[in-house]
Ligand SMILES: Nc1ncnc2c1ncn2[C@@H]1O[C@H](COP(=O)(O)OP(=O)(O)OP(=O)(O)O)[C@@H](O)[C@H]1O
Ligand SMILES: [Mg+2]
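Numbering (the UniProt record's numbering), first residue to last: 1 to 286.
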């Protein structure tokens, strides 16, 4: 005889327990040691030749920011497909549209100004985890598209000015920036801009000059040159932190299926916290 079945409540997925102030996992170094990047107060620059693995690090950072309970994301991706999966948990997603990029950057600048005014009024220098203010993490996959390709020359100049301001002042306002480019050249990343990025990842480059543009002058002479990374090893890069020595690391890889699962969960977790409602995942993990 079949036992009567008791209706079971739907499984409740665990809530996100990650903070933007927690260091984000990036991969392992040559000795197998885990490598973490503290994103909240740092800016991360990612550069290297096409197919070197930049977007895998961009996606790891996007996953951390999207899953962090105390962060919001603003995504810029002209190709749409790199950051597209995270769109449903993002406050704003900008594609290959210069007008949209500029409006969004101006809004970010206004928010940043307001945050600094609040800090001043409260006699503070920066936001901390205890403030429970949401970090606003801006992620750009391919800065060169907005800085040199889309729009008019005036718009590109305005983009660079706004971008530089966000990178320069975002830190204390809990507005970290993560930016990737396949063009590590001085016109895209002048030294004055590069030096604002506390963490820089040099994926395989075609010249030692390009490698130095990312890591800093003289590192290729000292034996840290991203041209030596084999093309058959995507996801390997030299990562340098403020004041440190470059470390050769292998970035952890999220497959498309991993990204889809994480992004769906992030969208579900933020469903009640966004301006655009999201319907939630079709399958709820047990
Ligand atoms: N960490 C990694 N581990 C293993 N394979 C990787 C890793 N990162 C990237 N790859 C492989 O390299 C391919 C290209 O990676 P990715 O799209 O991240 O490159 P990219 O530098 O962003 O290229 P593009 O400049 O064209 O955007 C991926 O499709 C994947 O197969
Ligand atoms: Mg890419």
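Note that CB positions come from ideal geometry on N, CA and C, so glycine has one too.
Check	Outcome
How should residue 132 be labelled, buried or exposed, when 16 other C-beta atoms within 10 angstroms of its C-beta is the threshold for buried?	exposed
For a minimum of 4 consecutive residues, which ranges assigned as the alpha helix (DSSP H) are wholly contained in the segment 49-119?	54-67
In three-state DSSP terms, what is residue 283?	A caution first: residue 283 carries a pLDDT of 43, below 50, which makes its placement in the model unreliable, though a value can still be read off. Residue 283: coil per DSSP, three-state reduction.
On the premise that residue 182 lies in contact with residue 54, defined as a C-beta separation below 8 Å, what is that separation, rounded to the nearest angstrom?	7 Å
Give me the Cβ distance between residue 240 and residue 215, rounded to the nearest whole Å; I'm assuming they're in contact under 8 Å.	5 Å
On the DSSP letters alone, give me the boundaries of the alpha helix (DSSP H) that residue 196 sits inside.	Looking at the DSSP string, residue 196 is not in any alpha helix (DSSP H), and its letter there is neither H nor E.
So, under 8 Å CB-CB, residue 61 and residue 75 are touching, yes? Tell me the CB distance rounded to an integer number of Å.	With a Cβ gap of about 11 Å, residue 61 and residue 75 do not count as contacting.
Compare the Cα-Cα distances from residue 32 to each of 247, 255, 151 and report the closest residue.	247
Do residue 172 and residue 125 come within 8 Å of each other at the CB atom, strictly closer than that value?	yes
Using a 10 Å radius around the Cβ and a threshold of 16 neighbouring Cβ atoms, would you call residue 287 buried or exposed?	Outside the shown range of the chain, which is 1 to 286, sits residue 287, and nothing can be said about it.
Kindly indicate the opening and closing residues of the alpha helix (DSSP H) around residue 157.	153-169
Using the beta-carbon count (16 or more within 10 Å), is residue 50 buried or exposed?	exposed
Between residue 277 and the rest of its own chain, which residues show a CB-CB distance below 8 Å, the 5 nearest in sequence each way excluded?	Low local confidence applies: a pLDDT of 49 at residue 277 is under 50, so the model's placement there is unreliable, with the coordinate-based value given in what follows. Taken in chain order, the residues that qualify are 271.
Expressed to the nearest angstrom, what Euclidean distance is found between the alpha-carbon atoms of residue 285 and residue 267?	With a pLDDT of only 44 at residue 285, under the threshold of 50, the placement of this residue in the model should not be trusted, and no figure is reported.
Please check the pair residue 251 and residue 57, which I expect to be a contact at CB under 8 Å, by giving their CB distance rounded to whole angstroms.	5 Å
How many Å lie between residue 17 and residue 67 at the Cα?	8 Å
Quick one: what's got a C-beta closer than 6 Å to residue 178's C-beta in the same chain, skipping five residues either side?	44, 61, 139
Let me know the beta strand (DSSP E) ranges lying completely inside the segment 200-242, each 3 residues or longer, listed in chain order.	236-241
Please go through the same chain and pick out, in chain order, the residues whose beta-carbon is closer than 6 Å to the beta-carbon of residue 91, but skip the five residues on each side of it.	72, 74
Run the CB neighbour count on residue 186, radius 10 Å, all protein chains shown included, and call it buried at 16 or more, exposed below.	exposed
From what residue to what residue does the beta strand (DSSP E) around residue 181 run?	177-181
Ligand 1: which residues have Cβ under 5 Å from any of its heavy atoms, chain order?	50, 51, 52, 53, 54, 55, 56, 182, 234, 235, 251, 253
Quick check on the DSSP output: the alpha helix (DSSP H) that includes residue 256 runs from which residue to which?	256-269
According to the Cβ coordinates, are residue 213 and residue 26 closer than 8 Å?	no
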